Amino acid sequence: MNAVPNDAITPDDPPTTKEGWRRFVDYQPEPPTMLTAKQLLALDQRQRAAHDEARRDYHAELPLVHTPTIRQLLGTGRLLVQLNRRQVSARRGLILSGASGTGKTTALMQLGRTHERAVRRRHPGSQHRLPVAYVTVPPAATAKMLAVEFARFYGLDFSARANMPDIVNAVCATAANTAVELVLVDEIHNLNLATRAGAEVSDQLKYFAERLPATFVYSGIDVEGEGLFAGVRGRQIAGRFTVIVSTPFAYGTIEQRTAWRSLIATLEATLRLHQHVSGSLGALDEYLYRRSSGMIGSLSQLIRGAAILAIEDGTEQITRDLLDLVPVDFAAERAARPTASRQRKRPTAKTAAATA
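For the sequence shown, UniProt numbering begins at 1 and goes up steadily by one.
Shown next, in the form of structure tokens:
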């Protein structure tokens, strides 16, 4: 039970290489088998430790939940790929923008995985195809750094003295020969059009988009506020790219609270805990919203962390006490503090009557 599957994702397999990307697309985590009380008692100490370790690993990477952002990105992305298939130039692109923790990278990679699996179904046995390329924009990127990121994805090695045209031509030739259809560019907020280097990176991306018969999808933090659409280059990007905004879940209306509870229920259904009562997390929906500020990343961390703690302490169920022990990111904690403070200060009907 402790063996690492051959297709498991490891830190040595970043999806920014073709090998790592293929392993990501192929990886299908299997939920651990839920044992009966009798079967659990029959396990010796080593077997029980292996069973618990497998469940801890499983909860560390709970299966993906299709959020509204992911569904919108999948639908729009598939449509643009079809629209661009016969376009020679001026292909339309897509930008996913939003705050950190709203699931942008997860959505971006899920789009790539879904598309690649669809291509594999259309072309079974075609091993040379690489329909998706995935790169990230390095901090303080230059045009050459970006070109090297594309080359690294395809496994192309160049010396430090290699010139840009050679790198770009090799990347474009390799991408075309492997039938690229979708190019995913993450961390686009690292591109600053106000600087010369940033403008050159933007031009390089545009050049790749002109040379490659593919749909380009960018993802980044608050790209509108970071100036991606400013100036001549920005206006050109704005004229060719559709923007999808990734936002935290809201909790103000009945419909929003229903959607939040549905998300919690979907995550709860993936748990593999022997004593957990289905629906108990739904009863904590307001608490979970306050702790996570509606961020899917923070909510996932809370539930995954509490599940692991429940296995370690033997309680095998998620409670509010365990959830209190799970740390979340500073942004979620900071957002939760004013809410908690207001709730403490808000008078109840009983205290208001006593005051009167």
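All C-beta atoms, glycine included, are put in the ideal place defined by N, C-alpha and C. Please read all numbers here as calculations on a predicted model, not as lab measurements.
Nearest by alpha-carbon distance to methionine 296: which of Arg56, Pro68, Val326 and Gln39 is it?
Residue mapping note: residue 296 aligns to position 296 of the sequence shown, counting from 1. It should be pointed out that residue 296 corresponds to isoleucine in this sequence rather than to methionine. Considering only alpha carbons, the answer is Pro68.
My output table needs one value for glycine 98: the three-state DSSP class, helix, strand or coil.
Along the sequence shown, one-based indexing puts residue 98 at 98. Three-state DSSP puts glycine 98 in a strand.
Buried or exposed: which applies to phenylalanine 330, given that a residue is buried once 16 or more other Cβ atoms fall within 10 Å of its Cβ?
Residue 330 sits at position 330 when you count from the first residue of the sequence shown. Phenylalanine 330 should be labelled exposed.
With 16 other CB atoms within 10 Å as the buried threshold, where does valine 101 fall?
Along the sequence shown, read from residue 1 onward, the residue named residue 101 stands at position 101. One point to set straight first is that residue 101 is glycine, not valine, in the sequence displayed. Per the 10 Å Cβ criterion, buried.
To test your reading of the DSSP string, which unbroken beta strand (DSSP E) runs of 3 or more residues are found completely within the region 104-178?
Listed in chain order, the complete beta strand (DSSP E) runs (minimum 3 residues) inside the region 104-178 are 132-136.
Identify every residue that forms a DSSP beta bridge with valine 217.
Along the sequence shown, one-based indexing puts residue 217 at 217. Leu94 and Leu184.
Look at glycine 220 and isoleucine 188 and say whether their C-beta atoms are less than 7 angstroms apart.
As a first step, residue 220 is located in the sequence shown; it is residue number 220 there, counting from the start. As a first step, residue 188 is located in the sequence shown; it is residue number 188 there, counting from the start. Contact: yes.
Please report how far the alpha carbon of lysine 18 lies from the alpha carbon of glycine 155, in whole angstroms.
Indexing the sequence shown from 1 puts residue 18 at position 18. Indexing the sequence shown from 1 puts residue 155 at position 155. Roughly 7 angstroms between the two C-alpha positions.
Sort Thr114, Leu41, Ala42 and Pro32 by Cα distance to arginine 71 and report the nearest one.
The residue you call residue 71 lines up with position 71 of the sequence shown. With distances taken between Cα atoms, arginine 71 lies closest to Thr114.
Where does valine 201 fall in DSSP's three states?
By one-based count along the sequence shown, residue 201 stands at place 201. Helix, per DSSP.
Using DSSP's beta-bridge definition, name the partner residues of isoleucine 237.
Position 237 of the sequence shown, counting from 1, holds the residue named residue 237. Answer by DSSP bridge pairing: none, since isoleucine 237 is not bridged.
Quick one: is glutamine 47 buried, meaning 16 or more other Cβ sit within 10 Å of its Cβ, or exposed?
If you number the sequence shown from 1, residue 47 lands on position 47. Under this definition glutamine 47 is an exposed residue.
Please report the straight-line C-alpha distance between threonine 315 and alanine 176, rounded to a whole angstrom.
Here residue 315 corresponds to residue number 315 of the sequence shown, with the count starting at 1. Here residue 176 corresponds to residue number 176 of the sequence shown, with the count starting at 1. Rounded to the nearest angstrom, the two C-alpha atoms are 54 angstroms apart.
To the nearest angstrom, how far is the alpha carbon of arginine 85 from that of glycine 252?
In the sequence shown, the residue the question calls residue 85 occupies position 85. In the sequence shown, the residue the question calls residue 252 occupies position 252. Spanning the two alpha carbons is a distance of roughly 41 angstroms.
Are aspartate 285 and tryptophan 260 touching if we call contact CB-CB under 7 angstroms?
Stepping through the sequence shown from its first residue, residue 285 is reached at position 285. Stepping through the sequence shown from its first residue, residue 260 is reached at position 260. The answer is yes: Cβ separation under 7 angstroms.
Taking the beta carbon of lysine 104 as the centre, do at least 16 other beta carbons fall within 10 Å, making it buried, or is it exposed?
For the purposes of this step, residue 104 is taken as the residue at position 104 of the sequence shown. By the 10 Å Cβ count, lysine 104 comes out buried.
Arginine 290 to serine 278, Cα distance in whole Å?
Your numbering for residue 290 matches position 290 in the sequence shown. Your numbering for residue 278 matches position 278 in the sequence shown. Those two C-alpha atoms are separated by around 21 angstroms.
Taking the straight line between their C-alpha atoms, what separation do you get for leucine 212 and isoleucine 311?
The count along the sequence shown starts at 1 and reaches residue 212 at position 212. The count along the sequence shown starts at 1 and reaches residue 311 at position 311. Their backbone Cα atoms lie some 49 angstroms apart in a straight line.
If you follow the alpha helix (DSSP H) that alanine 283 is part of, which residue opens it and which one closes it?
Sequence index remark: in the sequence shown, residue 283 carries index 283 (1-based). No alpha helix (DSSP H) holds alanine 283; DSSP gives it neither H nor E.
Any idea what DSSP makes of isoleucine 296, helix, strand or coil?
The residue labelled residue 296 in the question sits at position 296 within the sequence shown. Three-state result, isoleucine 296: helix.
Counting only C-beta atoms, is glycine 98 closer than 7 angstroms to chain C at any point?
Here chain C cannot be found, since the structure has a single protein chain.
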